[in-house]
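Student:
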Amino acid sequence: MKKTFFSLLLVCGVSLPAHAQVAIEDPWVRGTVPQQQATGAFMVLTAKTDARLVAARSPVAGLVELHEMAMENDVMKMRAIPGLSLPAGQAVALKPGGYHIMLMALKETLTADTSVPLTLVFETPQGERFEQAITAPVAPLGAARMEKSGSHSQR
Amino acid sequence: VLFFLPFRRLTRRFALLFVGVFALLGCTSDSERRFHSMDITGADYGQGFELPDVEGVTRTLADFRGSVVLVYFGFIQCPDVCPTALHRAVSAKNALGADGERFTVVFITLDPERDRSEVVRAYLGAFDPGFVGLIPDMASLPEVAKAFRVYYRKVPTGDSYTLDHTATSFLYDTQGQLRLAVPHAMDVAGLAADVRVLLQEPH
Numbered sequence: 002m003k004k005t006f007f008s009l010l011l012v013c014g015v016s017l018p019a020h021a022q023v024a025i026e027d028p029w030v031r032g033t034v035p036q037q038q039a040t041g042a043f044m045v046l047t048a049k050t051d052a053r054l055v056a057a058r059s060p061v062a063g064l065v066e067l068h069e070m071a072m073e074n075d076v077m078k079m080r081a082i083p084g085l086s087l088p089a090g091q092a093v094a095l096k097p098g099g100y101h102i103m104l105m106a107l108k109e110t111l112t113a114d115t116s117v118p119l120t121l122v123f124e125t126p127q128g129e130r131f132e133q134a135i136t137a138p139v140a141p142l143g144a145a146r147m148e149k150s151g152s153h154s155q156r
Numbered sequence: 658v659l660f661f662l663p664f665r666r667l668t669r670r671f672a673l674l675f676v677g678v679f680a681l682l683g684c685t686s687d688s689e690r691r692f693h694s695m696d697i698t699g700a701d702y703g704q705g706f707e708l709p710d711v712e713g714v715t716r717t718l719a720d721f722r723g724s725v726v727l728v729y730f731g732f733i734q735c736p737d738v739c740p741t742a743l744h745r746a747v748s749a750k751n752a753l754g755a756d757g758e759r760f761t762v763v764f765i766t767l768d769p770e771r772d773r774s775e776v777v778r779a780y781l782g783a784f785d786p787g788f789v790g791l792i793p794d795m796a797s798l799p800e801v802a803k804a805f806r807v808y809y810r811k812v813p814t815g816d817s818y819t820l821d822h823t824a825t826s827f828l829y830d831t832q833g834q835l836r837l838a839v840p841h842a843m844d845v846a847g848l849a850a851d852v853r854v855l856l857q858e859p860h
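In order, the protein sequences belong to chains R and B. Counting in this note's numbering, the first sequence runs from 2 upward without gaps. Counting in this note's numbering, the second sequence runs from 658 upward without gaps.
#1: Can a CB atom of chain R be found closer than 8 Å to the CB of residue 850 of chain B?
#2: Please confirm whether residue 66 of chain R has its beta-carbon closer than 8 Å to some beta-carbon of chain B.
#3: Can you give the Cα-Cα distance for residue 143 of chain R and residue 783 of chain B, rounded to whole angstroms?
#4: Using a Cβ-Cβ cut-off of less than 7 Å, give me the residues of the segment 830-857 of chain B that come near chain R, in sequence order.
#5: Where do the N-terminal and C-terminal ends of the alpha helix (DSSP H) with residue 740 of chain B fall, by residue?
#6: Counting C-beta neighbours from all protein chains within 10 Å, is the total for residue 860 of chain B 16 or more, i.e. buried, or is it exposed?
#7: Could you tell me the distance, in whole angstroms, from the CA atom of residue 847 of chain B to the CA atom of residue 763 of chain B?
#8: Taking the continuous alpha helix (DSSP H) assigned at residue 80 of chain R, which residues delimit it?
#9: Would you kindly work out how many angstroms separate the C-alpha atoms of residue 95 of chain R and residue 87 of chain R, rounded to a whole number?
#10: Can you grab the Cα-Cα spacing for the pair residue 794 of chain B / residue 777 of chain B, in whole Å?
#11: Report yes or no: is there a C-beta of chain B within less than 8 Å of the C-beta of residue 142 of chain R?
#12: Can you name, in chain order, every residue of its own chain whose Cβ lies under 6 Å from the Cβ of residue 66 of chain R, other than the five neighbours on each side?
#13: For residue 117 of chain R and residue 128 of chain R, I'd like the C-alpha separation in whole angstroms.
#14: Quick one: list the residues of chain A neighbouring residue 75 of chain R, beta-carbon separation under 7 Å, in chain order.
#15: Shortest alpha-carbon distance to residue 111 of chain R belongs to which of R:139, R:44, R:89?
#16: So with CB distances below 8 Å, who are the chain B contacts of residue 112 of chain R?
#17: With a cut-off of 8 Å, do at least 3 Cβ pairs link the segment 63-79 of chain R to the segment 812-825 of chain B?
#18: Do residue 767 of chain B and residue 827 of chain B have their beta-carbon atoms positioned less than 8 Å apart in this structure?
#19: Please classify residue 810 of chain B: is it buried, with 16 or more other beta-carbons within 10 angstroms of its beta-carbon, or exposed?
#20: Would the beta-carbon of residue 31 of chain R fall within 8 Å of that of residue 41 of chain R?
#21: Compute the distance between the beta-carbons of residue 863 of chain B and residue 856 of chain B, then report whether it is under 8 Å.
#22: Around the Cβ of residue 807 of chain B, are there at least 16 other Cβ atoms within 10 angstroms (buried) or fewer (exposed)?
#23: Mind checking the segment 22-42 of chain R against chain B and listing, in chain order, the residues whose C-beta falls within less than 9 Å of any C-beta there?
#24: Quick one: does residue 106 of chain R have its CB under 8 Å from some CB of chain B?
#25: I'd like to know whether the C-beta of residue 704 of chain B is nearer than 8 Å to at least one C-beta of chain R.
#26: Just to make sure I have the definition right: I need the residues of chain R whose C-beta is within less than 8 Å of the C-beta of residue 776 of chain B. Which are they?
#27: Judging by CA-CA distance, which residue of B:733, B:693, B:727, B:708 is the nearest neighbour of residue 38 of chain R?
#28: Could you tell me whether the segment 695-712 of chain B touches the segment 832-847 of chain B, where touching means 3 or more Cβ pairs closer than 8 Å?
#29: Who are the neighbours of residue 741 of chain B on chain R, taking C-beta pairs under 8 Å?
#30: Shorter than 8 Å from the beta carbon of residue 693 of chain B to some beta carbon of chain R?
#31: Check this for me: beta carbons of residue 61 of chain R and residue 107 of chain R, under 8 Å apart or not?
#32: Among residues of its own chain, excluding the 5 on either side of residue 63 of chain R, which ones have a beta-carbon nearer than 8 Å to its beta-carbon?
#33: Establish whether the CB of residue 57 of chain R and some CB of chain B are separated by less than 8 Å.
#34: Check whether chain B comes within 8 Å of residue 81 of chain R, counting only Cβ atoms and requiring the distance to be less than that.
#35: Please name the residue, chosen from R:58, R:100, R:45, that lies closest to residue 71 of chain R on a Cα-to-Cα basis.
#36: Under the rule that 16 or more other beta-carbon atoms within 10 Å means buried, what is residue 50 of chain R, buried or exposed?
As structure tokens, this is what we get:
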């Protein structure tokens, strides 16, 4: 019963590890087509105490980076960033038009209605690392992925 | 002096009338901003293309006469702006209802090195099977981008690369004339409204 409860939580994309230092809400990955090598993962992170997201990994990707996207004069620029600050209690959104977790060297096609395991690596201000594993549902490539109303991304 | 007075009054009236007319014209040119996107009618760039599609057939703007055409430059390994822009395009097409039949979306890849026919076909098909994918060859890509004033730059990341690129969509009227530059930030409603205005223009 307990096991079912926890796997249900996992399916809902809510991670509750022993420490639960970072709440990971509403994760999703954009679906791909065969031969597509890269895509993005998105979610909302809220750290209990100050932390940084410093890395991520996934069995479906040979290479995972944290990226920041910015528009300058309608030119899209995307850069790998070494980490993402998560101030205590503040929801930080990884969403289209901002930050994302870039999944590259994909080992398989990511089809809608499946899900992708992701491990996020965080660091405390003291340099202590901890990890949280989640599964992120795959959203269809060509369909709208609506921002959930009431998501914390508006702060 | 008395003789001229009525005349002067008249000229004053005319002057007021002129002011009124100009004011009206002023208003008209304000409301002439009937587009949400940037009006670039008469631009000397983006005059067209002659590029192979995913079937290897050479396509030009003339193939789409009678349709409003949206041209977008991007690449398939793009996690964010390209799917967002393509999704906006398909949503606008749906919002147009039956008129959407006369709205054609053309995607030109800036990454022909990786974006081969098969993946471009599958990718665009995930949005709308009617989307047209064009694949310039590596040699002509700089020229194609320059002709549209589209900026792109390869940025190494990990053992791979990504592309910085212009995310503007270009809109052509049903006669194949470049009319509007649609910024990335434009919403579905704005794009659909602009396409509708272009579709309804008399020719």
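Beta carbons: idealized from backbone N, C-alpha and C, even for Gly. Quick caveat: nothing in here was measured; it's all calculated off a predicted structure.
Tutor: On the basis of the supplied data:
#1: Counting from one through the second sequence, the residue named residue 850 of chain B turns up at place 193. Answer no: the Cβ-Cβ gap between residue 850 of chain B and chain R never drops below 8 Å.
#2: Numbered from its first residue, the first sequence carries residue 66 of chain R at position 65. Output row for residue 66 of chain R: interface = yes.
#3: For the purposes of this step, residue 143 of chain R is taken as residue 142 along the first sequence, with counting starting at 1. For the purposes of this step, residue 783 of chain B is taken as residue 126 along the second sequence, with counting starting at 1. Roughly 5 Å separates the two Cα atoms.
#4: 840, 841
#5: Along the second sequence, read from residue 1 onward, the residue named residue 740 of chain B stands at position 83. Where residue 740 of chain B is concerned, the enclosing alpha helix (DSSP H) stretches over 738-752.
#6: What you label residue 860 of chain B is simply residue 203 of the second sequence in a count that begins at 1. Residue 860 of chain B is exposed by the Cβ-count criterion.
#7: Position 190 of the second sequence, counted from the start, is the residue given in the question as residue 847 of chain B. Position 106 of the second sequence, counted from the start, is the residue given in the question as residue 763 of chain B. About 19 Å.
#8: The count along the first sequence starts at 1 and reaches residue 80 of chain R at position 79. No alpha helix (DSSP H) contains residue 80 of chain R, which is instead part of the beta strand (DSSP E) from 76-81.
#9: Locating residue 95 of chain R in the first sequence gives position 94, where the first residue counts as 1. Locating residue 87 of chain R in the first sequence gives position 86, where the first residue counts as 1. Approximately 11 Å between the Cα atoms of the pair.
#10: Translated into positions along the second sequence, residue 794 of chain B becomes position 137. Translated into positions along the second sequence, residue 777 of chain B becomes position 120. One C-alpha to the other measures close to 14 Å.
#11: The residue you call residue 142 of chain R lines up with position 141 of the first sequence. Yes, contact with chain B.
#12: Taking the first sequence and counting its residues from 1, one reaches residue 66 of chain R at position 65. Cβ neighbours of residue 66 of chain R beyond the five flanking positions: 81, 103.
#13: Position 116 of the first sequence, counted from the first residue, corresponds to residue 117 of chain R. Position 127 of the first sequence, counted from the first residue, corresponds to residue 128 of chain R. Going from the Cα of residue 117 of chain R to the Cα of residue 128 of chain R covers about 28 Å.
#14: The chain inventory of the structure shown lacks chain A, comprising the protein chains R and B.
#15: Working through the first sequence from its first residue, we reach residue 111 of chain R at position 110. Taking only the C-alpha atoms, the option nearest residue 111 of chain R is R:139.
#16: Numbered from its first residue, the first sequence carries residue 112 of chain R at position 111. Correct list: empty, because the minimum Cβ distance to chain B is about 10 Å.
#17: yes
#18: Taking the second sequence and counting its residues from 1, one reaches residue 827 of chain B at position 170. Taking the second sequence and counting its residues from 1, one reaches residue 767 of chain B at position 110. In this structure, residue 767 of chain B does not lie closer than 8 Å to residue 827 of chain B by Cβ.
#19: Mapped onto the second sequence, residue 810 of chain B falls at position 153. The residue in question, residue 810 of chain B, is exposed, as its Cβ has fewer than 16 Cβ neighbours within 10 Å.
#20: Along the first sequence, one-based indexing puts residue 31 of chain R at 30. Along the first sequence, one-based indexing puts residue 41 of chain R at 40. The answer is yes: Cβ separation under 8 Å.
#21: The structure shown does not extend to residue 863 of chain B, since chain B is modelled only from 658 to 860, so the question has no answer here.
#22: The residue you call residue 807 of chain B lines up with position 150 of the second sequence. It counts as buried.
#23: 31, 32, 33, 34, 35, 36, 37, 38, 39, 40, 41, 42
#24: By one-based count along the first sequence, residue 106 of chain R stands at place 105. It does; some Cβ of chain B falls within 8 Å.
#25: Taking the first residue of the second sequence as position 1, residue 704 of chain B is located at position 47. Chain R, which has no Cβ nearer than 8 Å to the Cβ of residue 704 of chain B, makes this no.
#26: In the second sequence, the residue the question calls residue 776 of chain B occupies position 119. What residue 776 of chain B touches in chain R: 34, 35, 36, 37.
#27: As a first step, residue 38 of chain R must be located in the first sequence, where it is residue number 37. When each option's Cα is compared against that of residue 38 of chain R, the closest is B:733.
#28: yes
#29: Walking along the second sequence from the start, residue 741 of chain B turns up at place 84. Here the neighbours are 97, 98.
#30: Along the second sequence, read from residue 1 onward, the residue named residue 693 of chain B stands at position 36. It does not; no Cβ of chain R falls within 8 Å.
#31: Reading the first sequence from its first residue, position 60 is the one you call residue 61 of chain R. Reading the first sequence from its first residue, position 106 is the one you call residue 107 of chain R. Closer than 8 Å, so yes.
#32: Counted from its first residue, the first sequence places residue 63 of chain R at position 62. These residues qualify, in order along the chain: 105, 106, 107, 108.
#33: As a first step, residue 57 of chain R is located in the first sequence; it is residue number 56 there, counting from the start. Chain B, which has no Cβ nearer than 8 Å to the Cβ of residue 57 of chain R, makes this no.
#34: For the purposes of this step, residue 81 of chain R is taken as residue 80 along the first sequence, with counting starting at 1. True, the Cβ-Cβ gap to chain B drops below 8 Å.
#35: To locate residue 71 of chain R, count along the first sequence from 1; it is residue 70. Per the Cα distances, R:100.
#36: Locating residue 50 of chain R in the first sequence gives position 49, counting from the first residue. With fewer than 16 other Cβ atoms within 10 Å, it is exposed.
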